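Undergrad: If you read the protein sequences in the order shown, they are chains L and V.
Under the working numbering, residues 1 to 332 are what the first sequence spells out, in order.
Under the working numbering, residues 333 to 664 are what the second sequence spells out, in order.
Glycine residues also receive a C-beta, built at the ideal position from the N, C-alpha and C atoms.
Quick caveat, the model's predicted, so the values are computed rather than measured.
There are 2 protein chains.
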Amino acid sequence: MPELRKDPIIGRWVIISTERGKRPSEFVVQHPPTKNGFCPFCPGNEDKTPPEIQAYRPDGSKPNTTGWSLRVVPNKYPALRIEGDINREGDGVYDKMNGVGAHEVIIESVNHKDALSTVSDKQFEDILWSYRDRIIDLKKDPRFRYILIFKNHGEAAGASLEHTHSQLIALPIIPKRVAEELDGSLEYYNYKERCIFCDIIRQEIMQGVRIVAENSDFIAVTPYAPKAPFEIWILPKKHDAAFENAQKHQYENLAKLFSNTLKRMDKVLNSPPYNFILHTSPLKDGDSQHYHWHFEIMPTLIKVAGFEWGSGFYITPTPPEEAAKFLREAKI
Amino acid sequence: MPELRKDPIIGRWVIISTERGKRPSEFVVQHPPTKNGFCPFCPGNEDKTPPEIQAYRPDGSKPNTTGWSLRVVPNKYPALRIEGDINREGDGVYDKMNGVGAHEVIIESVNHKDALSTVSDKQFEDILWSYRDRIIDLKKDPRFRYILIFKNHGEAAGASLEHTHSQLIALPIIPKRVAEELDGSLEYYNYKERCIFCDIIRQEIMQGVRIVAENSDFIAVTPYAPKAPFEIWILPKKHDAAFENAQKHQYENLAKLFSNTLKRMDKVLNSPPYNFILHTSPLKDGDSQHYHWHFEIMPTLIKVAGFEWGSGFYITPTPPEEAAKFLREAKI
Numbered sequence: 001m002p003e004l005r006k007d008p009i010i011g012r013w014v015i016i017s018t019e020r021g022k023r024p025s026e027f028v029v030q031h032p033p034t035k036n037g038f039c040p041f042c043p044g045n046e047d048k049t050p051p052e053i054q055a056y057r058p059d060g061s062k063p064n065t066t067g068w069s070l071r072v073v074p075n076k077y078p079a080l081r082i083e084g085d086i087n088r089e090g091d092g093v094y095d096k097m098n099g100v101g102a103h104e105v106i107i108e109s110v111n112h113k114d115a116l117s118t119v120s121d122k123q124f125e126d127i128l129w130s131y132r133d134r135i136i137d138l139k140k141d142p143r144f145r146y147i148l149i150f151k152n153h154g155e156a157a158g159a160s161l162e163h164t165h166s167q168l169i170a171l172p173i174i175p176k177r178v179a180e181e182l183d184g185s186l187e188y189y190n191y192k193e194r195c196i197f198c199d200i201i202r203q204e205i206m207q208g209v210r211i212v213a214e215n216s217d218f219i220a221v222t223p224y225a226p227k228a229p230f231e232i233w234i235l236p237k238k239h240d241a242a243f244e245n246a247q248k249h250q251y252e253n254l255a256k257l258f259s260n261t262l263k264r265m266d267k268v269l270n271s272p273p274y275n276f277i278l279h280t281s282p283l284k285d286g287d288s289q290h291y292h293w294h295f296e297i298m299p300t301l302i303k304v305a306g307f308e309w310g311s312g313f314y315i316t317p318t319p320p321e322e323a324a325k326f327l328r329e330a331k332i
Numbered sequence: 333m334p335e336l337r338k339d340p341i342i343g344r345w346v347i348i349s350t351e352r353g354k355r356p357s358e359f360v361v362q363h364p365p366t367k368n369g370f371c372p373f374c375p376g377n378e379d380k381t382p383p384e385i386q387a388y389r390p391d392g393s394k395p396n397t398t399g400w401s402l403r404v405v406p407n408k409y410p411a412l413r414i415e416g417d418i419n420r421e422g423d424g425v426y427d428k429m430n431g432v433g434a435h436e437v438i439i440e441s442v443n444h445k446d447a448l449s450t451v452s453d454k455q456f457e458d459i460l461w462s463y464r465d466r467i468i469d470l471k472k473d474p475r476f477r478y479i480l481i482f483k484n485h486g487e488a489a490g491a492s493l494e495h496t497h498s499q500l501i502a503l504p505i506i507p508k509r510v511a512e513e514l515d516g517s518l519e520y521y522n523y524k525e526r527c528i529f530c531d532i533i534r535q536e537i538m539q540g541v542r543i544v545a546e547n548s549d550f551i552a553v554t555p556y557a558p559k560a561p562f563e564i565w566i567l568p569k570k571h572d573a574a575f576e577n578a579q580k581h582q583y584e585n586l587a588k589l590f591s592n593t594l595k596r597m598d599k600v601l602n603s604p605p606y607n608f609i610l611h612t613s614p615l616k617d618g619d620s621q622h623y624h625w626h627f628e629i630m631p632t633l634i635k636v637a638g639f640e641w642g643s644g645f646y647i648t649p650t651p652p653e654e655a656a657k658f659l660r661e662a663k664i
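In C-alpha cells, the structure reads:
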C-alpha cells in the first residue's frame with residue numbers, strides 16, 4: 001500500500017509509492033520508452049487497460065470496445081489506491097496517512113499520432129468536458145479534498161507513453177503549491193477585498209506586454225515572475241474559484257485559446273516537451289471569492305537544477321515580456 | 333541588469349537573468365558541454381577566470397598564479413551583479429528589485445579528474461572552511477540577507493563545467509524553501525519550545541531505520557518525506573542555526589561524514605549526478621533557537637515532471653528506509 005507522508009518542517013505531503021518500489025539498479029540503467037509499435041491506448045487494445053470509467057462514444061458503442069473518441073481509464077500503475085478509509089497516524093514527530101486516492105488517465109484521442117496541439121477544437125473541448133465530468137463525479141467521494149489534473153507531454157517532461165493523454169489524481173490532501181496560492185490570495189483578499197488574479201488580469205490587459213493570446217472568455221499570459229522560461233498561464237476573465245463551475249461557452253473558448261497557445265509554443269519552440277497543470281479550488285471550497293482557477297503550462301527547456309527545488313529559488317534566462325512577444329507574434 | 337521579481341500570489345522571488353537573455357532558437361538545439369580539453373578552472377589558466385577572491389596557497393604563491401589548492405573566483409556569467417544599491421519598486425500589483433548580489437565559484441581541487449567524493453578528507457575540510465570564510469566576509473555587506481551555497485555535479489544535475497566546483501549566491505532576499513523551513517520550525521518551537529530538527533535527530537537515532545552514516549558530530553539520514561528517491565540530509569547533532577558558527581572539530585567530522593556519504597551514493601547508485609544545497613539561517617539570525625543548519629543532497633535519478641513543481645506534490649518510488657539500508661550497507 002502506498003503511503004502519504006508529511007514533511008514535519010514545511011508541511012508538504014509526498015507519496016511514497018511502495019508498489020512501484022525501485023531498487024538502486026533500476027535507476028542506473030536509463031530505459032528508453034518502448035517504441036515497438038504496441039500501444040495500450042490505441043483502439044483495438046481496450047482490454048489492455050483497466051475497464052474504462054468513462055468514454056465518449058459518438059456511435060453508441062459498448063464500453064471497452066472500439067468506437068470511442070475519448071476514454072478515461074484507471075492508471076494501471078496507480079500512485080494511490082482507491083480502496084480503503086483514510087487513516088491518519090503519527091510516528092513520533094512524523095505524520096502519515098495510507099495512500100488512498102484515485103489515479104486516472106484521460107486518453108485524449110483515438111489517433112496515436114495526435115498531439116493536444118493538433119486535435120480539433122471540438123475534441124479539445126471534449127477533453128475539458130471529461131475533466132469536468134471526472135471532477136464532478138469524484139467530488140461525491142468525501143475522502144477527497146483535491147483533484148489534480150495534469151499532462152506530461154514528451155519523454156523529457158516525464159511522459160512514459162507516447163499516445164496523447166492527461167492524468168488525474170484525486171487526493172485526501174491539498175498539494176503544497178495550491179495551498180500556498182490559496183493562502184496568498186486569501187491574504188490579498190483580506191487586505192484589498194479583491195481577487196488578486198482578477199487584479200493581475202486587469203493589469204495584464206492594460207499593460208499588454210505579457211499577453212500571448214486572448215479571446216472573450218480567456219487570456220493567456222507569461223507570468224511576471226516565472227519559474228521557467230516561456231511558462232504560460234491561461235486564466236478565465238470572469239472570476240471563479242473552480243474549473244467545474246464554468247459554462248459551455250467558456251469550455252468552447254478555453255479549448256480554442258488553449259489550442260492556439262500550444263500551437264504558438266510548438267511554432268516558437270519547435271514542438272517542445274511540456275507539462276501543464278490545472279490549479280483549481282479544493283473540492284469543498286468552489287465558491288471562494290479569493291481563489292481563481294487557471295492552467296499553468298511549462299515547456300521543458302532547461303534542466304531544473306536540484307538547487308532550484310532545494311532552495312525554491314529560480315533563475316530564468318528569458319524575461320517573460322520577451323517570451324510573450326515571440327509567442328504573440330508567431331505565425332500559426 | 334538582472335532583476336529580482338516577486339510572485340504576487342505566493343511571494344516567491346525569482347531572478348530574471350536578462351544578461352543571459354535566451355532567444356527561442358537557443359533552447360531548441362541542445363549544446364553538449366564543451367569537452368575539447370580546455371578548462372578555465374585548471375592550473376595554468378588562472379587568467380581565464382575573473383581575479384580570485386580567495387585562494388588556499390600552501391606554498392605562499394601569488395594570487396592568480398599556479399600553486400593553489402583551492403580557489404574562489406567570481407562567476408564569469410553571474411546571475412546577479414555585485415554593484416549598486418538595492419532598489420525595491422512596485423509595478424501595479426507586482427514587486428521587483430534590481431538584481432544585486434554576489435555569484436561566486438569555489439574551485440574545489442586543482443585536479444580536473446577529482447570529484448568531491450574522491451578528494452582527501454583534508455581537502456574536503458578546506459572546502460568547508462572556504463564556505464565559512466566566504467559567508468563571514470559577505471555577511472559584512474548589509475545588502476545581503478542570505479547566502480546560498482550549492483553544488484551541481486554532472487551534466488544532468490545542471491553542471492556546465494566538468495572541473496569539480498561549488499557555487500555561492502549572496503541574495504538580498506531569503507529563498508522560499510528556507511523561509512518555509514524558518515516559518516515551520518518557528519511554529520514548532522513556539523508550540524513545543526524545542527527545535528524540530530533536534531527532535532528529528534533524536535528520533536532518527538532511536539529508530540535507526542533511516543540512518544545512512546554518523547559520527548560523533550554529524551548524522552546522515554534519508555528524510556522521512558523525501559522530494560526524491562535517495563535524498564540524504566546531513567545534520568550537526570549539536571543545535572546551531574548557522575553553518576559559520578561551527579567549530580574546527582565539527583568541520584573535520586563533517587568533511588569525513590560528507591565524503592563517506594558521497595562514496596556510499598557513488599557505490600550504490602553508480603556515481604550519479606547530484607545536487608546539494610546548504611540550508612543555513614539568514615545572515616542576521618545566526619543564533620536562533622528554532623532553526624538548525626544542514627545539507628540536503630539530491631541525486632538526479634528520475635526526471636522531475638513539471639507537474640511536481642507545478643503542484644508541490646512529489647511521488648517517490650523508493651521508501652527512504654530502503655534507500656538508507658542500501659546506503660548504510662554499501663561496502664566502501
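Please state whether DSSP places V:Asp-427 in a helix, a strand or coil.
TA: In the structure shown, V:Asp-427 sits in a strand (DSSP, three-state: E or B).
Undergrad: Check whether chain V comes within 8 Å of L:Trp-233, counting only Cβ atoms and requiring the distance to be less than that.
TA: Output row for L:Trp-233: interface = no.
Undergrad: Go through the stretch 572-633 of chain V residue by residue and report every complete run of the beta strand (DSSP E) that reaches 3 residues or more, in order.
TA: With a minimum length of 3 residues, the continuous beta strand (DSSP E) runs that stay inside the stretch 572-633 of chain V are 606-611 and 626-631.
Undergrad: Counting only Cβ pairs nearer than 7 Å, list the residues of chain L close to V:Pro-372.
TA: Correct list: empty, because the minimum Cβ distance to chain L is about 20 Å.
Undergrad: DSSP beta-bridge partners for L:Trp-13?
TA: Bridge partners of L:Trp-13: L:Lys-6.
Undergrad: In terms of residue numbering, what span does the beta strand (DSSP E) encompassing V:Leu-567 cover?
TA: From DSSP, the beta strand (DSSP E) with V:Leu-567 extends over 564-568.
Undergrad: Below 8 Å, can you find three or more Cβ-Cβ pairs linking the stretch 267-275 of chain L to the stretch 137-146 of chain L?
TA: No: fewer than three Cβ pairs fall under 8 Å.
Undergrad: Can you give me the Cβ contacts of L:Ser-166 inside the same chain, cut-off strictly under 6 Å, excluding the 5 residues immediately before and after it?
TA: Result list for L:Ser-166: Ile-106 and Lys-151, in chain order.
Undergrad: Flag L:Arg-5 as yes if its beta-carbon sits less than 8 Å from any beta-carbon of chain V, otherwise no.
TA: At least one chain V Cβ lies under 8 Å of L:Arg-5.
Undergrad: How about V:Gln-535: is its C-beta nearer than 8 Å to some C-beta of chain L?
TA: By this cut-off, V:Gln-535 is an interface position.
Undergrad: Going along the chain, which residues of the stretch 624-639 of chain V sit with their C-beta nearer than 9 Å to a C-beta in chain L?
TA: Taking 9 Å as the Cβ-Cβ cut-off against chain L, the residues of the stretch 624-639 of chain V that qualify are Glu-628, Ile-629, Met-630, Pro-631, Thr-632, Leu-633, Ile-634, Lys-635, Val-636, Ala-637, Gly-638 and Phe-639.
Undergrad: At a cut-off of 7 Å, is V:Asp-391 close to the ligand MG when judged by its beta-carbon and the heavy atoms of the ligand?
TA: As presented, the structure is devoid of all ligands, the ligand MG included, so that no description of it is given.
Undergrad: Output the distance between the C-alpha atoms of V:Arg-526 and L:Ile-10, rounded to the nearest integer angstrom.
TA: Cα to Cα, the separation comes out at about 16 Å.
Undergrad: Report the neighbours of L:Gly-11 on chain V: residues whose CB is nearer than 7 Å to its CB, in chain order.
TA: The contacting residues are Gly-516.
Undergrad: Using a 10 Å radius around the Cβ and a threshold of 16 neighbouring Cβ atoms, would you call L:Asn-45 buried or exposed?
TA: L:Asn-45 is exposed by the Cβ-count criterion.
Undergrad: Quick check on the burial criterion: 16 or more other C-beta atoms within 10 angstroms. Buried or exposed for V:His-444?
TA: It is exposed - the Cβ of V:His-444 has fewer than 16 other Cβ atoms within 10 Å.
Undergrad: Does DSSP put L:Phe-218 in a helix, a strand or coil?
TA: Correct three-state label for L:Phe-218: strand.
Undergrad: Could you please give me the residues that DSSP links to V:His-485 through a beta bridge?
TA: DSSP, once it has assigned bridges, lists V:Tyr-606 as partnering V:His-485.
Undergrad: Please classify V:Ile-418: does DSSP put it in a helix, a strand, or coil?
TA: Correct three-state label for V:Ile-418: coil.
Undergrad: When the cut-off is 8 Å and only beta carbons count, does L:Glu-89 lie next to chain V?
TA: L:Glu-89 does not count as touching chain V.
Undergrad: Shortest alpha-carbon distance to V:Ile-543 belongs to which of V:Asn-522, V:Arg-596 and V:Ala-411?
TA: Here the closest residue by C-alpha is V:Arg-596.
Undergrad: Using a 10 Å radius around the Cβ and a threshold of 16 neighbouring Cβ atoms, would you call L:Asn-253 buried or exposed?
TA: So L:Asn-253 counts as buried.
Undergrad: Do we get a CB-CB distance below 8 Å when we pair L:Asn-98 with the residues of chain V?
TA: Not one chain V Cβ lies under 8 Å of L:Asn-98.
Undergrad: L:Glu-329 lies in the alpha helix (DSSP H); which residues open and close that run?
TA: Start and end: 320-329.
Undergrad: Output, in chain order, the set of chain V residues within a Cβ distance shorter than 8 Å of L:Glu-181.
TA: Under the 8 Å cutoff, chain V gives Ile-341 and Ile-342.
Undergrad: Contact criterion: CB-CB distance below 8 Å. Does V:Gly-376 meet it with respect to chain L?
TA: No, its Cβ sits nowhere closer than 8 Å to a Cβ of chain L.
Undergrad: What did DSSP end up calling V:Ser-357 once you bin it into helix, strand or coil?
TA: In the structure shown, V:Ser-357 sits in a helix (DSSP, three-state: H, G or I).
Undergrad: With a threshold of 8 Å between beta-carbons, can V:Lys-556 be considered close to chain L, or not?
TA: Checking the sequence, you will find Tyr at residue 556 of chain V rather than Lys. With 8 Å as the cut-off, V:Tyr-556 counts as an interface residue toward chain L.
Undergrad: With distances taken from CA atoms, which of V:Ile-609, V:Tyr-426 and V:Gln-535 is nearest L:Gln-203?
TA: Closest option to L:Gln-203, Cα to Cα, is V:Tyr-426.
Undergrad: From L:Ala-159 to L:Glu-296, what distance separates their C-alpha atoms?
TA: One C-alpha to the other measures close to 17 Å.
Undergrad: With V:Trp-625 and V:Ala-573 assumed to form a contact (beta carbons below 8 Å), what rounded beta-carbon distance in angstroms separates them?
TA: Their Cβ separation, rounded to whole angstroms, is 6 Å, which keeps V:Trp-625 and V:Ala-573 in contact under 8 Å.
Undergrad: For V:Arg-403, count the other beta carbons within 10 Å of its own beta carbon; 16 or more makes it buried, fewer makes it exposed. Which is it?
TA: Under this definition V:Arg-403 is a buried residue.
Undergrad: Cα separation between L:Asp-59 and L:Trp-68?
TA: The alpha-carbon atoms of L:Asp-59 and L:Trp-68 are separated by roughly 8 Å.
Undergrad: So which residues on chain L does V:Arg-509 lean against when the C-beta distance must stay under 7 Å?
TA: What V:Arg-509 touches in chain L: Gly-310, Ser-311 and Gly-312.
Undergrad: Apart from the five residues just before and just after V:Lys-508, which ones in its own chain have a Cβ nearer than 6 Å to its Cβ?
TA: The residues are Arg-344.
Undergrad: Quick check on DSSP: helix, strand or coil for L:Ser-185?
TA: It is helical.
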